[in-house]
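Trainee:
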Amino acid sequence: MNFIKRNQSLNFVIFFFLFSLVVTIASELAMGLFSTSFVKVLGKTMMLCLAAIALDLVWGYCGILSLGHMAFFALGGYLIGMWLMYERTKEIVISAASEQLIPLTPEETKEAIGNQIFGVVGGSDIPIIWIFADSLIIHLLLIVIIPGLLALVFGWLAFRSRVTGVYLSILTQAMTLALSLYLFQNDSGLRGNNGLSGLQNIPGYGNLTQDVISVIFLWLSTFALCCGFYLASIITKSKLGNLLVGIRDDEARVRFLGYNVELYKLLIFVVTAIMAAIAGSLYYPQAGIVNPTELAPIASIYLAVWVSIGGRGKLIGAVLGAAFVSLISSFFTSGQIPNIDFWIININWVDWWLIILGLSFVSITLTTQNGLFGLIEKVKERVINK
Amino acid sequence: MKRFFIFVGVMLFASASVASDKDLREFIWTNKASFHKSSSKTISPVIDSLLKLNSGGTEKFLLRWLNKELWFRKSDGLVVTAKKLEKKSYKIFDVIDEQLIEVIDKKKIKQIKPNSGVRAIISSALVQFQLLNADPSIRSKTLDSIARKPDERFRVPLRKAIEIENNLKIKNRMIRLEKLLTVRFEKNISQRVEVIRSLKNDLGIDVRGVLNQIIRTALKAEKVIPDNINISQILEPEKGAIDQYDFLETNHSSTIDGSFTDLDAYLMLVKEEKAPEILTQKKLKDILTQQAEIGNIKREEAHSLDSYYKRNSVLNRLIENGKVEPVVSREDMKNIVAQYVFYEEYAESSREVTNAATETLNLINNRVSVFSFVDLILEGLSLASIYFLAAIGLAITFGVMRVINMAHGEFIMMGAYSGYVVQLFVTNYTLSIVIAIPVAFLVTFFAGIVMERLVIKKLYKRPLETLLATFGISIALQQLAKIVFGTQARPLTSPEWLDGALIFNEIISISWIRVAIFVLSIAFTIILIYVLNRTRFGLETRAVTQNPSMAASMGVNPDQINMFTFGLGSGIAGIAGVGIGLYAKVTSELGNDYIVQSFMTVVVGGVGSIWGTLAGATLIGFLQKLIEWFNPSNTLAAQTYMIIFIIIFIQFRPRGIVALRGRAAGD
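Line by line, the protein sequences give chains A and B.
Counting from 1 along the first sequence, just add 12 to a position and that's the residue number in the numbering used here.
In terms of the numbering used here, the second sequence has 525 at position 532, counting the first letter as 1, and numbering is strictly consecutive.
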């Protein structure tokens, strides 16, 4: 009993394992209580939770409010999307050519794929960045390498020049904006504002139906979330974690104690960027499409909002906030709630939801520093004290 | 008085050579059949001789014909005009003197309906009359239509019109247009060259168009160059590309920009069907598919041909067996190319004309590039003032007070919408803008104060949370605007005196709205610097920012000062909104477009200084235009590079261009 109380991350893993099990049983594979799209929503939400954990590590623990983590998230989606789209198009091209007397050569296959993928942006050549698109393993590595490298270079530049606090937030926001503007171009090699689409199918497993794929990704997401949480809790409990909190509370003092503050900040920035990228690489196959709007600075701010509502500085809080707000958001904006006629105003929840979200966000920021999780803790304390 | 004399002159001039109405009537009578049913192919000579007749009634007649007001009597084919009397009877009149001829049954007459081709010919015939029309706007419109569809036949009427034109502006246009027509259609070469050279100071795009058309060349290949043609240059194909050409490649990207290789030459000959086609992968596949279909290749073998190498060896085998004609070899290709001379020939046959056109065009282009650089500077200035306007409010709330207000963009939006609402009530645009500026200021000033009291005041010690809280306000305000005003863009109409552009010449021009925004930015700079540096309020603001507790002990109320300073910054954002709304579309997302840029402007310029913001906006505005100049097609790329530049810039000057020193620098 005591063991269960203390070991938070084990509880977390058990909870999510049981949760996924229940969802699997309730899915269309078995009982059919949950629709396939709902299972996907749950899987996607878990990945948002993982991104929230990443942001909580870098913001809640280290005090760096990064408004660029959703950019890393989307970048992960792009990197897995390239492979998914390339291989899927290849399958289509080959099956279309199977009627011909003479089979396609590798060069011809490539040309046909290029036409298929880049026809919408008026091109047919496959850009150089797609050079590894036929290899899953390399792309899985790239999901780690590219966002990690970007975070490393950007973080090194930013921390080296001692940009801190809100300035750093604005700078990360600028990075996000630059990246999204770049991807919006048609000649970025990533299909401009069309983005990558058709990611919900797994190449090579064309016979799998979406309800099977949704459950597979649910379990993958669960696994990734649990690993992420475990890693994060190890970091926070270690000496490194203490150091990060120290940097958050008084950076100058930690520096005077002889620690290389920039190095630790850079380390946590890069690690969390990779976490966010992995989360994105599992999110977008469930969403089916990734485009540059996903990178817009506002997405990263939303992530910060979730963490803040859930309670930053607590890993569970971040997960709670992301899950709670994103689920309730999709509930309100799904149009399932009837509109209310209030005096002369017609309250349409799809429209008014954002106003409610914005204002509740302001009030939560004003009233409690620890968000929902802090609120729960307070209530718990009261109950126990009574 | 002058008009009168000219009128008399025209009348004299006209009556001297004018044929009588009688001749016109006779002409119409003899040519009646051509009028009844006309086609664009046959009507031209009729109209030409009609114009030669030069009768006073010709214009009216043509106009009526054009407007389908002419009828003809079926019994004898007399061309008349008709007026409906009752249901089925018409009055018909003489076409010239409009005398009533008779009342006639509708079945006995028929309307003349020229088709669109004929109408085009009629209206171009009418041009010579319209050029002499008393109404300057009609003359001006006629010039527009000539410019759109230049034709040799307008030259004579234009020259006549120039002689008697008294409106200087229209006269100049006529002279210019006449010159352009001369350049295009004049037969006398020395006159043409003279006119071409006289155009060297004209920067108009139409002049460049006409000159470019003269020096247009076509690439040709012949075994012997024909005599008497105007050659721009003879091209010597660069050798080697045929040797390097890889038949196994899918793409034939053999052409190197700016050079004419022997492969290019050969491909050109293929296009002109002067040489046999070369083997491409696509062709190879077609040949093999065809051979597989007729059974020369076995099915299993065909299925195994999944590489270019295999396909090639099968092709060679087929050629050896004589099943397929051999493909052209490299040596053959080179030999064929060697037989031809490749040259660029001018479409224009006179060498003097093309030389003059080339020289004049070079002169013009040199001037154009100088002027477009000046124009670039103006555009940079204009963009800088827009960025400055968007960022100026932030320079106070963020720069001076260090409050991260993510809702700053929404204050700009509120200002723009205030202007829109004012215009709903005040329809005089000049007056409404004059009213809108203080209204926008007051609305956003109070919104700012309310926000400061309710939210920001409680978060002065927690700047990161200010960022998030104000972001919450930002999304709520944006959505509220969307609900109230809808998603479509609302117009904020500028007064008439801001329409159009300040035009220096054909290249350098800037719209008056941008000039107004520039003036507004300058005004803001002066006012703000005065307020912050020369007034009691400014002194207290600076004191509170630097050290609130010390300021408080000196008798300043920091609470109040903070409130009013924030209100001031917000109010200025509101006025900026009116300015930006005039040039951009007013939507609920107006502020969103400017928020990141504005923060960048303040950070690059140097936090805490109005001069810094000015410098930041100037740097960003000019640099963005400069990047766009190198790559004009891509504004998005320019913005991307701009942001990357800013990130690097901050490495070298972390405190911005104008860095505060000492205590004023705060932290």
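Backbone N, C-alpha and C define an ideal beta-carbon position, used for all residues, glycine too.
Predicted model only: the values in this text are computed from it and were never measured.
So, with DSSP's three-state summary, where would you put residue 667 of chain B?
Mentor: The structure shown does not extend to residue 667 of chain B, since chain B spans only -6 to 660, so no value can be given for it.
Trainee: Which residue spans inside the region 341 to 374 of chain B form an unbroken beta strand (DSSP E) run of at least 3?
Mentor: none
Trainee: Where does residue 383 of chain B fall in DSSP's three states?
Mentor: The answer is helix: DSSP assigns residue 383 of chain B an H, G or I state.
Trainee: Does residue 139 of chain A get closer than 7 Å to chain B when you measure Cβ to Cβ?
Mentor: no
Trainee: Mind listing the chain A neighbours of residue 401 of chain B? Cutoff is C-beta to C-beta under 8 Å, in chain order.
Mentor: Those within 8 Å of residue 401 of chain B in chain A number zero; the least Cβ separation is about 12 Å.
Trainee: According to DSSP, simplified to helix, strand and coil, what is residue 296 of chain A?
Mentor: DSSP, read as helix, strand or coil, puts residue 296 of chain A in helix.
Trainee: Throw me the rounded Cβ distance for the residue 242 of chain A and residue 32 of chain A pair, which I believe falls under 8 Å.
Mentor: That pair is no contact at about 16 Å.
Trainee: Is residue 50 of chain B close to the ligand ZN? I mean its beta-carbon at under 6 Å from any heavy atom of the ligand.
Mentor: Summarising the ligand content, the structure contains no ligands, and the ligand ZN is consequently not present.
Trainee: From the DSSP output, in three-state form, read off residue 333 of chain B for me.
Mentor: coil
Trainee: Return the residue from the list B:301, B:210, B:49 that minimises the CA-CA distance to residue 276 of chain B.
Mentor: Comparing C-alpha distances from residue 276 of chain B to each of B:301, B:210, B:49 shows the shortest one belongs to B:301.
Trainee: Mapping the DSSP letters down to three states, classify residue 104 of chain B as helix, strand or coil.
Mentor: strand
Trainee: Only counting the same chain, and skipping five residues up and downstream in sequence, which positions put a Cβ closer than 7 Å to that of residue 280 of chain A?
Mentor: Around residue 280 of chain A: 69, 70, 74, 256.
Trainee: In three-state terms, what does DSSP make of residue 41 of chain B?
Mentor: Three-state result, residue 41 of chain B: helix.
Trainee: Go ahead and label residue 679 of chain B buried or exposed: buried means 16 or more other beta carbons lie within 10 angstroms of its beta carbon, across all protein chains shown.
Mentor: A query on residue 679 of chain B cannot be resolved here, the shown segment of chain B reaching from -6 to 660 and no further.
Trainee: Quick one: residues in its chain with C-beta nearer than 6 Å to the C-beta of residue 300 of chain A, no 5 flanking neighbours on either side, listed in chain order?
Mentor: 211, 212
Trainee: Where in the region 555 to 611 of chain B do unbroken runs of the alpha helix (DSSP H), each at least 4 residues long, occur, reported from the N-terminal end onward?
Mentor: 585 to 598
Trainee: With respect to the alpha helix (DSSP H) encompassing residue 388 of chain B, which residues constitute its N-terminal and C-terminal limits?
Mentor: Careful: residue 388 of chain B lies outside any alpha helix (DSSP H) and carries neither H nor E.
Trainee: Going along the chain, which residues of the region 295 to 321 of chain B sit with their C-beta nearer than 7 Å to a C-beta in chain A?
Mentor: 295, 296, 298, 299, 300, 301
Trainee: Grab the span of the beta strand (DSSP E) containing residue 64 of chain B for me, first residue to last.
Mentor: 63 to 66
Trainee: Please identify the residue among A:287, A:162, A:77, A:371 whose C-alpha is closest to the C-alpha of residue 58 of chain A.
Mentor: A:287
Trainee: Does residue 345 of chain B have its Cβ less than 7 Å from a Cβ in chain A?
Mentor: no
Trainee: Report yes or no: is there a C-beta of chain A within less than 7 Å of the C-beta of residue 231 of chain B?
Mentor: no
Trainee: To the nearest angstrom, how far is the alpha carbon of residue 289 of chain A from that of residue 95 of chain A?
Mentor: 15 Å
Trainee: Using the Cα positions of residue 483 of chain B and residue 160 of chain B, report the straight-line distance between them to the nearest angstrom.
Mentor: If I take the Cα positions, the gap works out to 40 Å.
Trainee: In the structure shown, what three-state DSSP assignment does residue 246 of chain B receive?
Mentor: Because the pLDDT of residue 246 of chain B is 48, which lies under 50, any placement of that residue in the model is unreliable, and the number read from its coordinates should be weighed accordingly. In this structure, residue 246 of chain B counts as coil in the three-state DSSP scheme.
Trainee: On the three-state DSSP scale, how would you describe residue 225 of chain B?
Mentor: strand
Trainee: Is there a C-beta anywhere in chain B that falls below 7 Å from the one on residue 196 of chain A?
Mentor: yes
Trainee: Secondary structure at residue 266 of chain B, three-state DSSP: helix, strand or coil?
Mentor: coil
Trainee: Can you check whether the C-beta of residue 178 of chain A is within less than 7 Å of a C-beta belonging to chain B?
Mentor: yes
Trainee: How would you write the range of the alpha helix (DSSP H) that residue 631 of chain B sits in, first residue to last?
Mentor: 628 to 645
Trainee: Any beta-carbon of chain A closer than 7 Å to the one on residue 628 of chain B?
Mentor: no
Trainee: Select from B:378, B:490, B:131, B:553 the residue whose C-alpha is nearest the C-alpha of residue 424 of chain B.
Mentor: B:490
Trainee: In terms of residue numbering, what span does the alpha helix (DSSP H) encompassing residue 280 of chain B cover?
Mentor: 274 to 286
Trainee: Since residue 524 of chain B is in the alpha helix (DSSP H), which residue starts that stretch and which ends it?
Mentor: 505 to 527
Trainee: What does residue 73 of chain B pair with, by DSSP beta-bridge criteria?
Mentor: B:64, B:87
Trainee: Measuring straight from C-alpha to C-alpha, what distance separates residue 216 of chain B and residue 237 of chain B?
Mentor: 25 Å
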